[in-house]
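So the sequence lines, in the order shown, correspond to chains A and B. Heads up: the first sequence runs through residues 849 to 1154, numbered per our numbering. Heads up: the second sequence runs through residues 246 to 528, numbered per our numbering. By construction, the Cβ of each residue, glycine as well, lies at the ideal position given by its N, Cα and C atoms. Written below as structure tokens is the structure these notes are about.
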Amino acid sequence: MNPHTPDLRVRLGALELQNPVLTASGTFGYGEEVADLVDLSKLGAIVCKTVTRLPRAGNAPPRTCETPAGMMNAIGLQNVGLAAFKRDKLPFLRDSGTKLIVNIAGDSSEDFAALCADLNDEEGIDALELNISCPNVAHGLDFATDPIQTEAVVKACRAATPRPLFVKLSPNVTDIAVIARAAQEGGADALSVCNTFVGFAIDTRTRRPRLSNGTGGLSGPAIRPLALRAVWRCAQNVQIPIIGIGGIATANDALEFLIAGASAVQVGTATFVRPNAALEVIEGIGEYLSQHEIASVRELTGSLQA
Amino acid sequence: MTTPQADAPATGRRHTHARVLAKCEVAPRHFALTLSNSGIARTVRAGQFVHVLPHSRENEEDTGWSFDPLLRRAFSILDAREDEFEILFRVEGRGTRSLARAEVGEWLDLLGPLGNGFSLSQASRSAILVGGGVGVPPMVFTARALSERGVESQMLLGARSAADVLCEDKFTSLQIATDDGSRGHHGRVGDLLESALQEQLPDMVFACGPYPMLRAVAHICAAKNVMCEVSLEENMPCGIGVCNGCVVPMRPSEDILEGDDYGRFRRICVHGPACDARDIDWT
């Protein structure tokens, strides 16, 4: 490999990506919404908005509010539902020029497994990400806060699909390592670490919550050190690859996650501010590797110095 | 059909930047910025908006970003001509305070033009424009665009007090209402609309302003069976249709099948901000 063109390819289980930067679920729609602004083919992969079996209206507004260096959301998994996803969204995503990871959420292990199975016949899906950690729907966190349920849901999905399974964990737990090990035990191919942090904000003028849902998920640069610590902790405790998520806006942010033990990263909230944030991160990682004469981005993973 | 309409983005939107050509404090805490960007100025339509990072930069090349305040702010267009356009905002929070500090010659990072704009073609002869507070500026652009189409428009302007009346010199036909009676009609701008509709029914009413005003306007128009478009506001993180944050509740319609309530909330960054007032669930 020419040292001047660093190798950005990474492997997540059986899935090889052209670079380690993905879009985080719920921050990139179904891809088509931003195809005029972002060259989708340059992304490591698209992780699309969570798909549930039936369409979901989501929560009433206001659904978002800004917080210091971040924002909270309580969208409530608004999505078109499985049938419309397959019919209306998948054809575009299939032809985006990059890999597709479909994020799914069910309300039971059986529902999760059935969703996996129902997608088996669809071409152009490279992996599934199990959203067991949405903080904004009833019982959304039940799985991700319980190692037994985590293992059970991953196991059920493992039996239902041959596709690589990524499991998206919640940071809203006492020790994320326990959940990470349970997901690995259940047969996960990689872990997405982590979803948003549950937060709360009050409008002091009205003394009401600023979100209609009351609580919301905190994201953005504000959570980056917290998420980084979660990734680092998981990396100490599992052998499967980790996809780092949480406040990544620049290449330097992404590098922190890779060094802490992530094999790839997802860019989320930053896309709201700069539609091309993920592509800027890819470019910056390449520049860093060139400057430091590192041949492959894979050498960075877990390269934290004592 | 259960499918929401295709997510066709606004045509010609881009991530770009604009130089601050002028800044003017037009009223206490209200600033107008004249911005240089021919791409936006030549394509933007009345009722569309730009999504602006609340940090100005000294250099065009500077692409660094500050993380606090994090999100862009949406502003409707006061007017556009040739290579420049104007926005007018009230200093409300950290973002607008930061923007009010932008200096002439500095650069703003922005996305635009975004949103759908008003359906001006629905008004063939006459229109009534209703604006309240910082909902007045987009009506300047709307009035001019209508006039260029040969459509007469009458502006009804609502403000808290005489000091808050914006852009009054920009309208040829204008009536004012203030909450405290310090200027024009003492009361709501909706009162002016009711009187105006007693005299003559226009083809269209276009409205922009605070939610209670829009709701009142929608009800008044519905009672008179006059077509009305309102320009809505909601917290809007992305402005480009991906975050699903800026939704408003829509009235149940025959388009939405039972058990499929995906369409109950619509994103106003792509399906708005201008919406047919009859489609909104005002409850």
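| field | beta-carbon Gln926 (chain A) near the ligand ZN non-hydrogen atom, thresh 6 Å | value | In the structure on display, the ligand ZN does not appear, and there are no ligands present to speak of.
| Quick one: is Cys269 (chain B) buried, meaning 16 or more other Cβ sit within 10 Å of its Cβ, or exposed? | The residue given as residue 269 (chain B) occupies position 24 in the second sequence. Exposed is the call here.
ask   = Expressed to the nearest angstrom, what Euclidean distance is found between the alpha-carbon atoms of Gly377 (chain B) and Pro314 (chain B)?
value = Looking up residue 377 (chain B) in the second sequence gives position 132. Looking up residue 314 (chain B) in the second sequence gives position 69. In a straight line, the C-alpha of Gly377 (chain B) is about 27 Å away from that of Pro314 (chain B).
Does the distance from the CB of Cys491 (chain B) to the CB of Arg511 (chain B) come in under 7 Å? Counting from one through the second sequence, the residue named residue 491 (chain B) turns up at place 246. Counting from one through the second sequence, the residue named residue 511 (chain B) turns up at place 266. No, the pair does not count as a contact, with Cβ atoms beyond the cut-off.
- Output yes if chain B places a C-beta closer than 7 Å to the C-beta of Val1041 (chain A); else output no. For the purposes of this step, residue 1041 (chain A) is taken as residue 193 along the first sequence, with counting starting at 1. The beta-carbon of Val1041 (chain A) is placed no less than 7 Å from the nearest beta-carbon of chain B.
* Starting from Asp855 (chain A), follow its DSSP beta bridges and name the residues at the other end. => Position 7 of the first sequence, counting from 1, holds the residue named residue 855 (chain A). Partner(s): A:Ser1144.
field: Residues bridged to Cys913 (chain A) [DSSP beta-bridge criterion]
entry: If you number the first sequence from 1, residue 913 (chain A) lands on position 65. Cys913 (chain A) is bridged to A:Met920.
* Start-to-end residues for the beta strand (DSSP E) that takes in His275 (chain B) -> Along the second sequence, one-based indexing puts residue 275 (chain B) at 30. His275 to Ser281 is the span of the beta strand (DSSP E), which, as asked, contains His275 (chain B).
Item checked: DSSP-derived helix/strand/coil call for Cys466 (chain B) -> In the second sequence, counting from the first residue as 1, residue 466 (chain B) sits at position 221. In this structure, DSSP gives Cys466 (chain B) a helical state, which the three-state scheme calls helix.
Rounded to a whole number of angstroms, what is the C-alpha to C-alpha distance between Gln926 (chain A) and Leu1066 (chain A)?
Start at 1 with the first residue of the first sequence, and residue 926 (chain A) comes out as number 78. Start at 1 with the first residue of the first sequence, and residue 1066 (chain A) comes out as number 218. So the alpha carbons of these two residues sit roughly 18 Å apart.
**Item:** Beta carbon proximity, Thr912 (chain A) to chain B, threshold 7 Å
**Value:** Taking the first sequence and counting its residues from 1, one reaches residue 912 (chain A) at position 64. Chain B, which has a Cβ nearer than 7 Å to the Cβ of Thr912 (chain A), makes this yes.
Requested in this report: Per DSSP, which residues does Leu1156 (chain A) bridge with? Please list them.
Outcome: What the structure shows of chain A is the stretch from 849 to 1154, and residue 1156 (chain A) is not part of that stretch, so it cannot be assessed.
**Q.** Among A:Arg935, A:Gly1047, A:Lys1003 and A:Glu881, the one whose alpha carbon lies nearest that of Phe1014 (chain A)
**A.** Taking the first sequence and counting its residues from 1, one reaches residue 1014 (chain A) at position 166. Considering only A:Arg935, A:Gly1047, A:Lys1003 and A:Glu881, the residue with the shortest C-alpha distance to Phe1014 (chain A) is A:Lys1003.
| What are the start and end residues of the alpha helix (DSSP H) that includes Lys415 (chain B)? | Residue mapping note: residue 415 (chain B) aligns to position 170 of the second sequence, counting from 1. Neither: Lys415 (chain B) is in no alpha helix (DSSP H) and is coded neither H nor E.
### Query
Is there at least one Cβ from chain B nearer than 7 Å to Ile923 (chain A)'s Cβ?
Residue 923 (chain A) sits at position 75 when you count from the first residue of the first sequence. Yes - at least one Cβ of chain B is within 7 Å of the one on Ile923 (chain A).
Cutting at 7 Å between CB atoms, please list the residues of its own chain near Asp526 (chain B), excluding the five before and the five after it. Here residue 526 (chain B) refers to the residue found at position 281 of the second sequence. Once the five neighbours on either side are set aside, the close Cβ partners of Asp526 (chain B) are Pro494, Met495 and Arg496.
task = Tell me whether Ile1071 (chain A) is buried or exposed, calling it buried when 16 or more other Cβ atoms sit within 10 Å of its Cβ.
result = Residue numbering aside, residue 1071 (chain A) sits at position 223 when the first sequence is read from its first letter. Counting every other CB atom within 10 Å of its CB across the protein chains shown gives Ile1071 (chain A) a total of 16 or more, marking it as buried.
Name, please, each residue of chain B whose Cβ falls closer than 9 Å to the Cβ of Leu885 (chain A). In the first sequence, the residue the question calls residue 885 (chain A) occupies position 37. Near Leu885 (chain A) (Cβ distances below 9 Å), the residues of chain B are Pro254, Arg258, Arg259, His260, Leu356 and Ile485.
Assigned secondary structure, His516 (chain B) (DSSP; H/G/I helix, E/B strand, else coil): Here residue 516 (chain B) refers to the residue found at position 271 of the second sequence. His516 (chain B): helix per DSSP, three-state reduction.
Excluding sequence positions up to five away, which residues of its chain have a Cβ less than 7 Å from the Cβ of Thr387 (chain B)?
Position 142 of the second sequence holds residue 387 (chain B). Excluding positions up to five away in sequence, the list reads Ala291, Gly292, Phe363, Leu374 and Phe451.
Margin query: Residues in the same chain with beta-carbon distance under 6 Å from Val882 (chain A), minus the five sequence neighbours each way, listed in chain order, please.
Written below: In the first sequence, counting from the first residue as 1, residue 882 (chain A) sits at position 34. The beta carbon of Val882 (chain A) lies closer than 6 Å to those of Pro1123 in the same chain, with the five residues before and after it left out.
Would Met919 (chain A) pass as a contact of Gly1068 (chain A) if the rule is Cβ separation under 7 Å? Position 71 of the first sequence, counted from the first residue, corresponds to residue 919 (chain A). Position 220 of the first sequence, counted from the first residue, corresponds to residue 1068 (chain A). Between Met919 (chain A) and Gly1068 (chain A), the CB-CB gap stays under 7 Å.
- Look at the alpha carbon of Val858 (chain A) and the alpha carbon of Leu1076 (chain A), and state the distance between them as a whole number of angstroms. Counting from one through the first sequence, the residue named residue 858 (chain A) turns up at place 10. Counting from one through the first sequence, the residue named residue 1076 (chain A) turns up at place 228. Cα to Cα, Val858 (chain A) sits roughly 19 Å from Leu1076 (chain A).
Assigned exposure category for Gly334 (chain B) - 16 Cβ within 10 Å defines buried: By 1-based counting over the second sequence, the position of residue 334 (chain B) is 89. One point to set straight first is that residue 334 (chain B) is Phe, not Gly, in the sequence displayed. By the neighbour-count criterion, in which 16 or more other beta carbons inside 10 Å mark a residue as buried, Phe334 (chain B) falls on the buried side.
task: Output the residue ranges of the alpha helix (DSSP H) runs that lie fully inside the segment 1019–1086 of chain A and measure 4 residues or longer, sorted by chain position.
output: List check, alpha helix (DSSP H) in window: 1024–1034 and 1072–1085.
- Use the C-beta contact count for His296 (chain B): other C-beta atoms within 10 angstroms, 16 or more gives buried, fewer gives exposed. On the second sequence, position 51 is the one that residue 296 (chain B) refers to. Buried.
Specify the secondary structure class of Gln250 (chain B) as computed by DSSP and reduced to three states.
Numbered from its first residue, the second sequence carries residue 250 (chain B) at position 5. In this predicted model, Gln250 (chain B) has a pLDDT of only 36, less than 50, meaning its place in the structure is not dependable; the value taken from the coordinates is given anyway. DSSP places Gln250 (chain B) outside both helix and strand once states are collapsed to three, so it counts as coil.
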